[in-house]
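Structure, as structure tokens:
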Amino acid sequence: MLIIGQIQVSIFMEIKAVKRFLEEHYYFSLLQFFVSFISIQLYVFFYHMIVQKSSWKRILAGVWTFEVNTISIMKPAKTAPYISLIISVALTFIVMAISLCYGNLAVRHRRGLFVSRHNVIRWSERLFVLTSFGIIVCAEMKRITIEFVTLLVYTTLSNIFVVIFAASIRKPNFYHYEPKGDHILIGQLYYLNFYALYMGYVWTTASWFEIMDWNVKLTDLFK
4 MLIIGQIQVS IFMEIKAVKR FLEEHYYFSL LQFFVSFISI QLYVFFYHMI
54 VQKSSWKRIL AGVWTFEVNT ISIMKPAKTA PYISLIISVA LTFIVMAISL
104 CYGNLAVRHR RGLFVSRHNV IRWSERLFVL TSFGIIVCAE MKRITIEFVT
154 LLVYTTLSNI FVVIFAASIR KPNFYHYEPK GDHILIGQLY YLNFYALYMG
204 YVWTTASWFE IMDWNVKLTD LFK
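Take the sequence shown: its letters are residues 4 to 226, numbered as in the numbering used here.
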């Protein structure tokens, strides 16, 4: 899911008509954010009912939640350099590996940054919404230094939480096997937080390059 989301970011960044539309209609990004916020809240709240529906309805609900949340945080009105995308992909998967290792070690030694299942779900929603809104707001900031610091704070929070998330979901009896499909709900939230982390990396590194006035291109790396 994370790879699919990353591919979508790269494609959207090449669609000039979309970027131009969002530049001229800033409110549309806020509308996307509102739809994203409502969708994730409804998906979590009604999940016990969704899993009782037929397969195509469950898939449709999952795809809708995946897409609206993926698109809402893209910020395609600004184009990050491709080097930012590459660095962000690498950093995201490194943090994912670290979180997996930490989670396994924490459970094995029964010591770590654990939180309850309820708090995992609640803070997953809150941090994703906070990061989404922050990225949208930062798109309109005139001072790049303030934008960089703000994005750095959001990215740091996401870094910390995905590690806590990874440790917490490995606790015994974390998953509820009734209703069935509980792992799909947790998987969606896991994806959303790593995707928010990825987009945080993208725009934080892009802001840093802009502050340092580094016009780094992929072709420069192979010279």
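Idealized CB from N, CA, C, for every residue including glycine.
Could you give the first and the last residue of the continuous alpha helix (DSSP H) run that contains residue i?
{"i": "S161", "result": "I147 to S171"}
{"i": "I53", "result": "Y50 to I53"}
For residue i, does the count of other Cβ atoms within 10 angstroms reach 16, so buried, or fall short, so exposed?
{"i": "C141", "result": "buried"}
{"i": "M202", "result": "buried"}
{"i": "D58", "result": "In the sequence under discussion, the amino acid at residue 58 is Ser, which differs from the Asp named in the question. Exposed."}
{"i": "Q35", "result": "buried"}
{"i": "S161", "result": "buried"}
{"i": "L63", "result": "exposed"}
{"i": "W217", "result": "exposed"}
{"i": "V66", "result": "exposed"}
{"i": "F24", "result": "exposed"}
{"i": "I41", "result": "exposed"}
{"i": "Q191", "result": "buried"}
{"i": "Y204", "result": "buried"}
{"i": "N176", "result": "exposed"}
{"i": "N122", "result": "exposed"}
{"i": "A109", "result": "buried"}
{"i": "F49", "result": "exposed"}
{"i": "I53", "result": "buried"}
{"i": "S171", "result": "buried"}
{"i": "T148", "result": "exposed"}
{"i": "I189", "result": "buried"}
Going by DSSP in three states, residue i sits in which element: helix, strand or coil?
{"i": "K56", "result": "coil"}
{"i": "K174", "result": "coil"}
{"i": "W217", "result": "coil"}
{"i": "I138", "result": "helix"}
{"i": "I18", "result": "coil"}
Assuming the contact rule is C-beta atoms closer than 8 Å, residue i and residue j should be a hit. Round their C-beta distance to whole Å, please.
{"i": "G106", "j": "A199", "result": "That pair is no contact at about 19 Å."}
{"i": "I43", "j": "E128", "result": "6 Å"}
{"i": "S102", "j": "V166", "result": "5 Å"}
{"i": "T208", "j": "I14", "result": "That belief does not hold up - the Cβ atoms of T208 and I14 are roughly 20 Å apart, past 8 Å."}
{"i": "T68", "j": "Y46", "result": "5 Å"}
{"i": "S164", "j": "L130", "result": "A quick correction: the sequence has Phe, not Ser, at residue 164. Rounded, the Cβ-Cβ distance is 5 Å, consistent with contact."}
{"i": "V21", "j": "V71", "result": "Not quite, the Cβ-Cβ distance comes to about 15 Å (not below 8 Å), so this is no contact."}
{"i": "G137", "j": "T153", "result": "6 Å"}
{"i": "M99", "j": "F197", "result": "6 Å"}
{"i": "K174", "j": "F117", "result": "6 Å"}
With a threshold of 8 Å between beta carbons, is residue i in contact with chain C?
{"i": "L130", "result": "As a matter of chain content, chain C is missing from the structure shown, which is built from one protein chain."}
If we require 4 or more residues per run, which alpha helix (DSSP H) segments fall completely within the stretch 81-135? 85-112
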